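Below: the structure, in structure tokens.
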Amino acid sequence: MTLRVANCSGFYGDRLSAAREMVEGGPIDVLTGDWLAELTMLILAGNRLKGRPGYAPTFLRQLEEVLGTCLDRGIKIVSNAGGLDPEGCAAAVTDLAARLGLRASVAAVSGDDLTGRDLDLTNADTGEKLDATPLTASAYLGGRPIAAALTAGADVVVTGRVTDAALVTGPGIWRYGWRPTDYDALAGSVAAGHVIECGCQATGGNYAFFTEIPGLAHCGFPIAELEPDGSAVITKHPGTGGAVTVGTVTAQLLYEIGGPRYLGPDVTAHFDTVTLEQEAPDRVRVSGVRGSPPPDTLKVAVNYLGGYRNTMTLMLTGLDLEEKARVAQEAIWARVPREAFDEVDVSVDPPLLRITVMSGDAKVAGRAFSSAVVETGLASYPGFYGLTPPGNASPYGVYWPVLVPAGSVRARVTVDGTPVEVPAEAEHTGNLDRAAAEGGFDGAAAEAPAYTGGPTVRAPLGRVAGARSGDKGGNANLGVWVRSPAQYGWLAAYLTADRLRELLPHLAGYRLDRYELPNLNAVNFVVHGLLGRGVAASPRLDPQAKALGEELRAQTADIPADYLT
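According to this note's numbering, the residues represented by the sequence shown are 3 to 567, in order.
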């Protein structure tokens with residue numbers, strides 16, 4: 003029997019009515035919600051320092067509307083809203099149930115918090131050593147502890163830092179009894195989890211071809227109908243806005259990934275083996291996903307306090323904009339030396355001139371800087387005005403990914419306060435990359451169809467190609483896809499790393515990794531270091547690189563004329 007897993011949150015701050023909509027909109031078996039991102043862990047750490055909960059209280063507000071109905075219908079609830087305090091969140095859920103006159107069995111999954119442990123703090127992306135004291139250190143756990151909690155009878159499972167896909171993989175293990183070596187089934191559930199983890203992005207939200215999507219104002223959240231072999235149908239409740247198409251699912255599969263091998267604590271899912279099929283309106287089958295053993299390490303998201311930052315934004319209007327930006331900076335640095343700051347970022351993107359400073363000294367980055375900018379107000383370029391008032395600096399955090407041996411982290415599960423045993427993971431022996439050992443998985447396209455050439459037309463790339471971009475720590479990913487294998491033959495030949503730098507010159511100084519996914523008619527780029535030390539520390543106006551894909555689609559390219567008709 004199909005396991006219907008419904009998402010009701012893609013981030014901390016998503017639509018509060020979504021849980022009720024998913025429970026009342028049609029039959030479901032599991033209600034999940036993703037509250038955690040790398041930035042969220044830092045936000046929760048700040049809340050905890052201020053005496054506030056280290057979990058997401060909005061989860062409780064959603065739960066209050068649906069807990070009784072879920073208990074009546076046997077709908078399980080699985081959420082990572084526990085953040086830095088899953089036990090505290092579980093206790094709050096228990097209190098909520100009692101206040102509502104309900105009896106609910108509540109589980110907490112912890113063991114991810116490695117703060118205070120002696121860790122190798124080598125940055126997994128850059129190789130640098132960290133000499134600061136971590137504020138948080140959270141390992142990414144998998145789905146097996148969630149499955150253990152559900153098997154023990156939990157109605158509600160609250161976790162700390164688990165992978166986003168674990169919210170689907172865990173219920174899949176519970177329902178279907180997948181063993182640790184059932185790699186393909188696990189990989190299929192990871193793909194399904196990755197598709198629905200960001201809520202409405204799977205149903206047309208933030209979609210490149212958004213004019214094709216009806217009813218975005220009332221976009222429905224996604225459902226994964228998970229089957230015993232790990233394949234799934236992505237759908238949504240009838241009567242809701244948005245759409246589930248091969249395109250919307252492709253876009254989400256490309257979101258925040260690196261290469262085709264998608265590493266996780268349960269399995270390595272090979273995204274170059276995913277097959278998508280439009281079975282019916284708002285029903286896309288995700289199948290054929292192959293898996294191989296997980297790596298022998300776990301990723302740990304470390305956050306530390308980096309110092310203080312301040313940003314002042316000025317408007318550049320009229321003529322001679324570059325000269326105006328130069329004059330503005332000269333006047334500012336004459337009042338407060340640029341060398342007084344640890345880091346300075348200047349972004350000239352007319353009509354905006356943004357100057358961000360960072361320092362370990364709150365006073366230097368605060369009024370000393372912002373007042374210096376204001377003091378130039380009558381002695382700067384014509385048309386001078388600012389968009390930001392003078393103010394104090396704010397603390398910022400730095401994201402620092404590290405790796406630890408998988409065997410050094412043990413998940414802990416309690417159900418109603420009673421410890422529950424989590425089955426030990428299997429020993430993954432042999433070649434860790436089945437695809438390499440077997441010469442490539444069946445169903446994975448080895449190469450793009452040859453592009454034979456023909457007349458081209460200069461037009462925006464986005465007339466034929468979709469894109470989705472996002473953040474992965476200090477890196478950004480940029481996935482680009484087209485709608486047919488023939489178009490993909492052209493895209494793969496045309497959109498090289500050098501071409502991307504030509505179309506987006508501001509990427510010229512960054513290392514680019516390029517990956518081909520012929521099965522999705524897509525290529526994916528990873529831009530190393532574009533976001534600096536992560537979202538919270540990035541001085542970019544678009545710190546999560548959400549607009550990078552749309553910037554690319556707006557650039558003109560030599561597109562085969564046949565594709566534009």
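Idealized CB from N, CA, C, for every residue including glycine.
Keep in mind the model is a prediction, meaning the values are calculated, not measured.
DSSP places N312 in the uninterrupted beta strand (DSSP E) bounded by 299-317. Burial is judged here by how many other beta carbons sit within 10 angstroms of a residue's own beta carbon; P283 has fewer than 16 and is exposed. By the CB criterion at 8 Å, A189 and R292 fall inside the cutoff. Rounded to the nearest whole angstrom, the CA to CA distance from Q557 to Y512 is 19 Å.
Nearest to I259 by C-alpha distance, out of H530, S540, L46, is H530.
V197 is a Cβ neighbour of V251, given a cutoff of 8 Å.
Distance from the CA of V248 to the CA of S19, rounded to the nearest whole angstrom, comes to 27 Å. When the beta-carbon positions are compared, T42 and N9 stay at least 8 Å from each other. DSSP, reduced to helix, strand and coil, places C221 within a strand of the structure shown. In summary, D268 is buried, with 16 or more beta-carbon neighbours lying within 10 Å of its beta-carbon over all protein chains present. Using a Cβ-Cβ distance cut-off of 8 Å, the segment 487-496 and the segment 228-243 are not in contact, since fewer than three pairs of beta carbons, one from each stretch, lie closer than that value. Taking 4 residues as the shortest admissible run, the segment 83-108 contains the following complete alpha helix (DSSP H) segments, listed from N- to C-terminal end: 88-101.
Sequence-distant partners of L533 (beyond 5 residues in either direction) whose C-beta falls short of 7 Å from its own C-beta, in its chain, are D473, G476, N477, A478, S540, R542, P545, A547. Exclusion of the five residues before and after P462 leaves R555, A556, Q557, T558, A559 as the residues of its chain whose Cβ lies within less than 8 Å of its Cβ. The beta carbon of E227 lies closer than 7 Å to those of T4, R6, A234, V235, T237 in the same chain, with the five residues before and after it left out. In the same chain as G385, and ignoring 5 residues on each side of it, the C-beta atoms closer than 7 Å to its own belong to T319, G320, in chain order. Within the model, the alpha-carbon separation for A21 versus S11 is close to 8 Å. As summarised for the segment 186-267, the continuous beta strand (DSSP E) elements at least 3 residues long and confined to that stretch are 224-228, 234-238, given in chain order.
Around the Cβ of P295, a 10 Å sphere holds 16 or more other Cβ atoms; the residue is buried. With three or more CB-CB distances shorter than 8 Å, the segment 143-158 counts as touching the segment 99-114. Contact check for V246 and T213: beta-carbon distance about 17 Å, past the 8 Å limit, so the pair fails to qualify.
With fewer than three CB-CB distances shorter than 8 Å, the segment 417-428 does not count as touching the segment 334-345. Each of F223, I45, Y14 was checked against the Cα of I30, and the nearest Cα belongs to F223. DSSP places E552 outside any beta strand (DSSP E); the residue lies instead in the alpha helix (DSSP H), whose first and last residues are 550-555. C-alpha of N526 to C-alpha of D500: approximately 14 Å in a straight line. If you draw a straight line from the Cα of R181 to the Cα of S361, it is about 50 Å long.
Less than 8 Å divides the Cβ of V482 from the Cβ of A524.
Beta-bridge annotation (DSSP): I357 is paired with M314, V348. L152 is the residue among D74, L116, L152 whose C-alpha sits nearest the C-alpha of A110. In the DSSP assignment, T558 falls within the beta strand (DSSP E) that extends over 558-562. Judged by their CB atoms, V302 and L405 are nearer to each other than the 8 Å cut-off. In the structure shown, F527 falls within a strand segment according to DSSP collapsed to helix, strand and coil.
In the structure shown, the three-state DSSP call for E66 is helix. Of A370, S486, F13, the smallest CA-CA separation from F61 is found for F13.
With distances taken between CA atoms, G76 lies nearest to V25 out of G309, V25, R263. Counted as a single uninterrupted DSSP element, the beta strand (DSSP E) harbouring K78 occupies residues 78-81.
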